[in-house]
Structure formats: structure tokens, C-alpha cells
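Q: Numbering (this note's numbering), first residue to last: 2 to 557.
Every residue gets a Cβ at the ideal spot worked out from N, C-alpha and C, and that includes glycine.
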């Protein structure tokens with residue numbers, strides 16, 4: 002079997018204006034980035050704003066394992082399969098970060114014959130949106146430190162600066178740094194640090210803003226520090242809201258690309274789901290709903306992270322309502338959760354499957370709390386036996402879910418026909434009665450504990466002294482009504498990556514909290530999760546190169 006980049010490079014792509022034409026978008030409503038990428042011009046909104054919305058399908062998954070789950074691959078393949086069945090479907094995805102591409106996880110454009118292309122462009126610099134976010138974020142840092150150097154008229158307490166710098170790369174050495182060394186003209190010495198760009202509040206704002214005016218308003222509210230009286234200092238206080246808006250004026254426009262089978266794909270925004278809110282932009286999703294009958298979108302990592310945030314943050318703020326949820330699993334991942342080591346996952350093992358399926362069971366129960374119909378799909382591997390598949394199928398149907406096998410990695414849209422038919426059946430015959438997990442009126446602790454107990458299955462929540470202090474501050478600032486965005490390991494339902502399956506009687510440890518006032522949520526950091534990831538012993542960057550003709554190799 003060919004690898005992903007070879008398949009992508011051998012594909013014959015349609016010109017992007019042809020892809021746009023297939024969903025009724027005129028050439029004049031595009032801003033081209035070469036032959037195969039484009040942004041939607043602002044003019045598109047006046048033309049499609051009154052269109053009836055299509056159906057919204059959210060693709061999520063069980064907790065990721067080294068065995069792989071294939072959530073994005075399933076999303077792409079499902080979109081292609083719906084096209085084969087004559088449906089007007091669009092895929093709405095996030096943009097990949099360079100951090101994972103050069104690190105351990107690889108890119109985020111699907112895989113096999115269910116990919117979004119041009120794969121190399123998408124996984125590298127794409128249309129520059131993430132770079133624009135990096136520039137905007139670091140402009141805030143530069144202006145902040147210049148303000149301190151020039152006399153600190155806002156009386157900012159340098160011990161209470163909450164705004165760090167960003168870069169779109171995994172670099173653990175920059176997590177905690179000291180700046181301003183070297184003498185009087187080099188700035189005010191203070192502690193600082195870096196987070197990865199996709200965890201920036203500006204990335205969250207880009208993905209949650211309804212339009213450029215909403216973007217501007219949200220940017221102005223960003224809290225960067227507190228003064229000596231304990232009052233918040235915002236971007237608006239630094240008088241740079243306009244400059245940030247200008248840097249993001251193109252980045253706020255959704256991007257149009259295509260799948261290997263020419264299904265339109267709108268890719269926009271890229272927040273991680275373990276340390277940020279994990280969803281593509283509201284603008285991309287809403288535009289896709291106006292241009293198609295069915296929108297297939299995904300949320301990052303497992304349903305305990307990406308899906309919970311999609312439902313409790315993105316849907317809460319945007320008033321979006323999913324019509325169905327597709328929950329992705331693999332036999333291999335379920336056996337891994339049942340205690341089988343990676344080397345033995347190809348061997349039939351019903352006992353391990355019965356032990357590990359509790360992870361899938363918990364995710365099904367969680368999604369049912371939102372009262373949205375669920376389709377479980379197994380991303381099929383050749384090593385899966387009929388006994389194993391039938392066991393999972395019967396288990397899911399007992400829990401009231403539709404079930405389908407998916408083989409989109411190997412067969413593209415054709416391999417997703419069974420899944421597409423189950424999704425269509427669900428959309429036509431089952432009603433979504435979507436409801437949020439918690440109300441705005443709940444306290445911050447009530448929100449944290451609701452997610453911890455209801456979604457993770459925790460017995461208790463413990464707060465550090467720092468978190469307790471922030472909770473009190475949030476209440477004093479009148480921001481207790483905000484939803485929460487929990488940063489947590491993706492590998493477990495708990496905050497301990499080593500607790501697989503469906504752990505019980507565990508405690509969630511809240512390390513710190515901070516307010517993302519512009520994004521409109523409170524970030525809750527748990528366990529030892531880092532908002533600046535590190536690189537593995539052998540980073541993926543070591544495999545990436547170009548041949549003599551300039552063709553990229555080794556990208557995954």
C-alpha cells in the first residue's frame with residue numbers, strides 16, 4: 002500500500018474554482034492562493050446568508066492510542082461517501098499545526114484514500130492563517146513589554162502578567178524563560194514563557210468570532226495582565242485592537258480545498274483539543290451549512306475533549322446544533338485499552354476486547370447526555386476478525402446506537418458507503434434534541450465538577466491554591482457565567498495518561514486557571530498537561546526532505 006504523501010501527490014486535483022462551482026460559489030467570491038487553494042471573499046455572505054441550513058454531523062472518537070483511530074480520515078471518507086450517494090456534502094475541518102507535523106503526531110489532512118489536498122500545502126504553511134495568529138499574538142507581547150519599558154503608565158504588576166508569547170512549534174525549552182536581560186535599554190527583566198500558537202486565545206477568538214466586527218470586539222477584551230490594584234489590563238488599554246484586527250483581516254476568511262475525490266472541504270482555524278477548544282471556526286461551519294445539505298465536521302482528540310468543547314463551548318456561543326454524532330473506534334484501540342501491547346494487536350483477542358470496550362461505552366454514554374443520535378463506526382483493519390466486529394456491533398446496538406464498518410483509508414468514498422447510509426438513515430429517522438451539559442448560571446466549580454464527574458467519570462476534583470485564588474477573582478470580575486475549557490491529557494478519561502479503559506474513583510487535579518475573556522471561556526489546566534508540547538526522541542522532522550526535483554518526501 003502506498004503511503005499518504007505518495008497517494009496525495011499522484012492525485013489529479015480539480016482547479017479550486019471548479020470545486021467552488023460545484024457548491025454554487027462564483028469565481029468573484031474567491032480569493033485564490035494558487036491553483037488549488039482559495040479563501041472565501043466577504044462577498045459570499047451576502048449571497049448565501051438567507052439559504053436554509055443543511056444538517057450538521059459531528060465526528061468524534063474514543064481516547065487516542067498508539068494503535069490509531071482515524072477520526073479525520075473517517076470525516077473525509079464520510080464526506081466522499083455522501084457525495085457518491087448523490088448528497089451535496091461539505092467537510093469542515095481544522096488546519097494542521099506545524100508542531101505535530103514536525104513532532105510525533107503527523108499532519109491532519111486524513112490518510113490513505115480519504116485525504117484533503119494539496120496535502121503538503123495544508124500540513125505546512127497553507128494560507129498563512131496560523132502565522133497571522135502568531136504575529137498578532139506576539140504583537141501584544143511586544144507592545145506590553147514596550148509599555149513597561151516606556152514608563153508603565155497602566156501600572157501593570159509584572160508579577161501578574163498572564164500573557165505569554167507563542168510559536169507554532171513544539172519547543173519545551175521555551176516553556177519558562179526570563180526576558181529583558183542585558184541592561185537598562187533591553188527591557189524590564191521578568192519571567193515569561195511560550196505556548197504553542199494553536200493554544201493562543203487569539204486562535205480561539207478567530208474560531209469563535211462571527212465576523213470581523215465580533216473579532217475586533219473580542220480582541221479588545223483580552224486580559225493580558227493585572228495592575229497593582231488587582232484590576233485587569235486589556236488589549237484595549239494598550240490601544241492595539243485595530244492593529245491586531247488588521248493582522249487578522251485575511252486570516253478570518255475560511256479556506257476552500259478539496260478531497261481526493263473533489264468533495265469540497267472548508268478548512269479554517271486550528272486550536273488543539275487537549276489544551277484549547279479543539280474546533281474549526283464558527284464562520285467555516287456556518288458557511289458550509291449555507292452551501293450544502295450535509296456538513297461533516299470533526300472535533301479534536303477523544304469525545305471527552307473535542308466533542309465536549311464543540312458542544313459546550315462552540316455550540317453554546319454560536320447557537321449551532323448537531324443533528325448526529327459519529328463516534329469512531331478501532332478494534333485495535335479497544336484491545337489496547339483492554340491491556341494488549343501494540344505488537345500483539347493484530348491477534349484475535351475477544352477477552353481484551355470485552356475489557357477495553359468500556360472506553361467506547363463511556364463515550365457513548367457521554368454523547369447520549371447531549372441527546373443527539375449516535376452512529377458508531379469501526380475504522381476497519383485487515384486483522385479485525387468477524388467475531389471481534391460482531392461483538393462490537395452487538396454491543397453498540399444494545400446501547401441504542403447505529404453501527405457501521407468503515408474502510409475509507411483503503412477504498413476512499415466507496416469504503417464509507419455503509420457509514421454514509423447509516424448517517425443518512427439517522428438524519429432522516431432520528432431527531433436531535435440537543436441540550437448543553439451545564440447552564441451559564443452554574444458556578445465555575447459546579448461547571449468543572451459537572452464535566453469531571455459526568456464526562457470523565459471522576460470521583461472528586463481537587464483545586465490548587467492558585468486555582469482557588471483565580472476562582473475567587475473570576476467571581477469578583479463578574480465572569481462566572483462563562484463556560485469552561487478544560488486542558489487535559491487526551492490519552493485517558495482521567496488527567497493521568499496511564500489510566501486506560503474506563504477508570505473509576507480517580508481525582509481530577511486542577512493546577513491553574515485563567516480567563517480568556519475575548520474567547521469567552523475560562524481555561525482550566527489539569528494534571529501535568531503542557532500548553533507548549535515537547536518533541537519526541539526522534540521527531541518526524543528527521544524524515545521530511547525534498548528530492549532533487551523539489552518534491553516533498555517523508556511528510557505524514
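1. Taking one C-beta from the region 104-118 and one from the region 400-416 each time, how about it: are there three or more such pairs within less than 8 Å?
2. Return helix, strand or coil for residue 201, following the three-state DSSP convention.
3. Which residues mark the beginning and the end of the beta strand (DSSP E) in which residue 260 is found?
4. Using DSSP's beta-bridge definition, name the partner residues of residue 56.
5. By DSSP's criteria, residue 280 is part of a beta bridge. Which residues make up the other side?
6. Between 41, 88, 502, 433, which lies nearest to residue 294 when the distance is taken from Cα to Cα?
7. Apply the 10 Å Cβ neighbour rule to residue 269 and answer buried if 16 or more other Cβ atoms are within range, or exposed otherwise.
8. Using a Cβ-Cβ cut-off of 6 Å (strictly less than) and excluding sequence neighbours within five positions of residue 484, which residues of its own chain qualify?
9. Based on the DSSP output, what are the partners of residue 233 in its beta bridges?
10. Roughly how many angstroms lie between the CA atoms of residue 451 and residue 480, to the nearest whole one?
11. In three-state terms, what does DSSP make of residue 546?
12. State the Cα-Cα distance for the pair residue 176 and residue 94, rounded to the nearest angstrom.
13. Considering only C-alpha positions, which residue in the set 173, 171, 404 is nearest to residue 375?
14. Evaluate residue 441 with the Cβ neighbour count: other Cβ atoms within 10 Å of its Cβ, from every protein chain shown; 16 or more gives buried, anything less gives exposed.
15. Just the Cα atoms here: how many angstroms apart are residue 542 and residue 228?
16. What are the start and end residues of each continuous alpha helix (DSSP H) run of 4 or more residues lying completely inside the region 60-94, in chain order?
17. Could you check the C-alpha separation between residue 445 and residue 549 for me, to the nearest Å?
18. Pop quiz: residue 258 and residue 71 are said to be a contact at Cβ under 8 Å. What is the actual Cβ separation, rounded to whole angstroms?
19. Can you give the Cα-Cα distance for residue 226 and residue 65, rounded to whole angstroms?
20. Where does residue 284 land, buried or exposed, given buried means 16+ other C-beta within 10 angstroms?
21. Any contact of the region 508-523 with the region 333-340, i.e. 3+ C-beta pairs under 8 Å?
22. Based on the DSSP secondary-structure assignment, which residues constitute the bridge partners of residue 508?
23. For the beta strand (DSSP E) containing residue 36, list its first residue and its last residue.
24. Using the beta-carbon count (16 or more within 10 Å), is residue 154 buried or exposed?
25. Per DSSP, what are the beta-bridge partners of residue 380 in this structure?
26. Looking only at its chain, what residues have a beta carbon closer than 7 Å to the beta carbon of residue 350, apart from the 5 residues adjacent to it on each side?
27. Where are the alpha helix (DSSP H) runs, 4 residues long or more, that stay fully inside the region 128-178, in chain order?
28. To the nearest angstrom, report how far apart residue 536 and residue 49 are at their CA atoms.
29. Do residue 502 and residue 360 come within 8 Å of each other at the CB atom, strictly closer than that value?
30. Please classify residue 110 as buried or exposed, where buried requires at least 16 other C-beta atoms within 10 Å of its C-beta.
31. At what residues does the beta strand (DSSP E) containing residue 456 begin and finish?
32. Using a 10 Å radius around the Cβ and a threshold of 16 neighbouring Cβ atoms, would you call residue 16 buried or exposed?
33. Closest to residue 38 by C-alpha separation, out of 14, 24, 60, would be which residue?
34. Please determine whether the Cβ atom of residue 235 lies at a distance below 7 Å from any heavy atom of the ligand COA.
35. Of all the CB atoms in chain B, is at least one closer than 8 Å to the CB of residue 394?
36. In its own chain, which residues sit with a C-beta less than 8 Å from the C-beta of residue 194, not counting the 5 before and 5 after it?
A: This is what the structure holds:
1. yes
2. Looking up residue 201 in the chain shown gives position 200. DSSP places residue 201 in coil when its eight states are reduced to three.
3. As a first step, residue 260 must be located in the chain shown, where it is residue number 259. Its beta strand (DSSP E) spans residues 256-260.
4. Here residue 56 corresponds to residue number 55 of the chain shown, with the count starting at 1. According to DSSP, which records beta bridges pairwise, residue 56 is partnered with 295.
5. Numbered from its first residue, the chain shown carries residue 280 at position 279. Residue 280 pairs with 300.
6. The residue you call residue 294 lines up with position 293 of the chain shown. Per the Cα distances, 88.
7. Translated into positions along the chain shown, residue 269 becomes position 268. Residue 269 comes out buried.
8. Reading the chain shown from its first residue, position 483 is the one you call residue 484. Here the set comprises 313, 314, 317, 522.
9. As a first step, residue 233 must be located in the chain shown, where it is residue number 232. Bridge partners of residue 233: 227.
10. In the chain shown, residue 451 corresponds to position 450, counting from 1. In the chain shown, residue 480 corresponds to position 479, counting from 1. Rounded to whole angstroms, residue 451 to residue 480 spans 18 Å at the Cα level.
11. Counting from one through the chain shown, the residue named residue 546 turns up at place 545. Looking at residue 546 - three-state DSSP - the assignment turns out to be strand.
12. By one-based count along the chain shown, residue 176 stands at place 175. By one-based count along the chain shown, residue 94 stands at place 93. Spanning the two alpha carbons is a distance of roughly 28 Å.
13. In the chain shown, the residue the question calls residue 375 occupies position 374. Per the Cα distances, 404.
14. Residue mapping note: residue 441 aligns to position 440 of the chain shown, counting from 1. Counting C-beta atoms within 10 angstroms of its own C-beta, residue 441 has fewer than 16 neighbours from the protein chains shown and is therefore classed as exposed.
15. Along the chain shown, one-based indexing puts residue 542 at 541. Along the chain shown, one-based indexing puts residue 228 at 227. Residue 542 and residue 228: Cα-Cα distance of roughly 42 Å.
16. 72-85
17. Within the chain shown, residue 445 is the residue found at index 444, counting from 1. Within the chain shown, residue 549 is the residue found at index 548, counting from 1. Cα to Cα, the separation comes out at about 57 Å.
18. The count along the chain shown starts at 1 and reaches residue 258 at position 257. The count along the chain shown starts at 1 and reaches residue 71 at position 70. Their Cβ separation, rounded to whole angstroms, is 19 Å, which puts residue 258 and residue 71 out of contact at 8 Å.
19. Position 225 of the chain shown, counted from the start, is the residue given in the question as residue 226. Position 64 of the chain shown, counted from the start, is the residue given in the question as residue 65. Residue 226 and residue 65: Cα-Cα distance of roughly 36 Å.
20. Translated into positions along the chain shown, residue 284 becomes position 283. That one is buried.
21. no
22. Taking the chain shown and counting its residues from 1, the one referred to as residue 508 is at position 507. According to DSSP, residue 508 bridges with 461.
23. Translated into the one-based positions of the chain shown, residue 36 becomes position 35. For residue 36, there is no enclosing beta strand (DSSP E), as DSSP marks it with neither H nor E.
24. The sequence position of residue 154 within the chain shown is 153, counting from 1. Counting Cβ neighbours within 10 Å, residue 154 comes out exposed, since fewer than 16 surround it.
25. On the chain shown, position 379 is the one that residue 380 refers to. For residue 380, which the question treats as bridged, DSSP gives the partners 407.
26. Counting from one through the chain shown, the residue named residue 350 turns up at place 349. Closer than 7 Å at the Cβ level, and outside the excluded window around residue 350, lie 336, 341.
27. 130-150
28. For the purposes of this step, residue 536 is identified with residue 535 of the chain shown, where counting begins at 1. For the purposes of this step, residue 49 is identified with residue 48 of the chain shown, where counting begins at 1. In a straight line, the C-alpha of residue 536 is about 43 Å away from that of residue 49.
29. Here the question's residue 360 lines up with position 359 in the chain shown. Here the question's residue 502 lines up with position 501 in the chain shown. Contact: yes.
30. The residue you call residue 110 lines up with position 109 of the chain shown. Label assigned to residue 110: buried.
31. If you number the chain shown from 1, residue 456 lands on position 455. No beta strand (DSSP E) holds residue 456; DSSP gives it neither H nor E.
32. Working through the chain shown from its first residue, we reach residue 16 at position 15. Looking at its Cβ environment, which holds fewer than 16 other Cβ atoms inside 10 Å, residue 16 is exposed.
33. Position 37 of the chain shown, counting from 1, holds the residue named residue 38. Distance check between residue 38 and each of 14, 24, 60 places 14 closest, using alpha-carbon atoms only.
34. Among the components of this structure there are no ligands whatsoever, and the ligand COA is therefore not found.
35. You won't find chain B in this structure, because it holds only one protein chain.
36. Here residue 194 refers to the residue found at position 193 when the chain shown is read from its first residue. Once the five neighbours on either side are set aside, the close Cβ partners of residue 194 are 165, 166, 175, 176, 177, 178, 533.
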